[in-house]
Amino acid sequence: MFLMQRLFEPRGPLVNSEYYPGWLDHWGEPHHTVDAQVAAGRGQLGVLAEGLDAILALNASVNMFMFHGGTSFGLTSGTATAGVAWVNRFCLGRYWPEVGPQVTLYVPWSILKRGQNELLLLELESAPCPAPLTCAATLQDKHVLDGPTPT
Numbered sequence: 001m002f003l004m005q006r007l008f009e010p011r012g013p014l015v016n017s018e019y020y021p022g023w024l025d026h027w028g029e030p031h032h033t034v035d036a037q038v039a040a041g042r043g044q045l046g047v048l049a050e051g052l053d054a055i056l057a058l059n060a061s062v063n064m065f066m067f068h069g070g071t072s073f074g075l076t077s078g079t080a081t082a083g084v085a086w087v088n089r090f091c092l093g094r095y096w097p098e099v100g101p102q103v104t105l106y107v108p109w110s111i112l113k114r115g116q117n118e119l120l121l122l123e124l125e126s127a128p129c130p131a132p133l134t135c136a137a138t139l140q141d142k143h144v145l146d147g148p149t150p151t
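In the UniProt record's numbering, the protein residues as written are 1 to 151.
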């Protein structure tokens with residue numbers, strides 16, 4: 001279970017920083033649930049419990065990632081939608097899929113000003129480019145959350 005971690009850190013503590021107790025929800029996608037009959041047997045929850053038992057038997061630390069709560073996106077984990085720039089209070093960075101270019105950009109609200117803002121994208125890998133150095137990306141201002149706005 002921790003073979004890769006031990007490959008790079010032979011003596012440090014064992015840590016599973018994102019143990020998923022189910023599946024995470026994204027804005028605009030259906031809510032994921034666990035069937036009660038499946039949970040009653042060795043189904044999804046049984047596998048979860050067995051995995052957790054194995055981690056704890058190794059005296060390892062574990063974080064139940066997104067067990068409840070989330071980020072500044074309410075009680076969910078945000079989005080994995082391609083071409084989206086999220087504005088929030090603390091995240092500046094990118095969402096990296098396992099394969100391919102970045103698909104989501106996070107921008108802290110504190111660097112934005114009222115009115116129009118320019119967002120310079122330096123990585124346009126796999127973007128449609130008719131000729132060298134003419135790649136472009138289009139962003140739309142779309143308010144998804146009904147939270148407070150900075151003044």
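Glycine residues also receive a C-beta, built at the ideal position from the N, C-alpha and C atoms.
As the structure is a computational prediction, the values presented were derived from the model and not from experiment.
- Between the beta-carbon of E18 and that of N63 there is about 6 angstroms, and that keeps the pair under the 8 angstroms contact cut.
- Around the beta carbon of N59, a 10 Å sphere encloses fewer than 16 other beta carbons of the protein chains shown; the residue is thus reported as exposed.
- In the three-state scheme derived from DSSP, where H, G and I count as helix and E and B as strand, E50 is classed as helix.
- DSSP places M4 in the helix class (H, G or I) of the three-state scheme.
- Per DSSP, E9 lies in no beta strand (DSSP E) and is assigned neither H nor E.
- Your pair A54 and M4 does not check out as a contact, with CB atoms roughly 16 angstroms apart and the cut at 8 angstroms.
- Approximately 18 angstroms separates the beta-carbon atoms of S61 and L7; this is outside 8 angstroms, ruling out the contact.
- Per DSSP, the beta-bridge partners of Y19 are M64.
- In this structure, the straight-line span from the alpha carbon of G46 to that of H31 is close to 21 angstroms.
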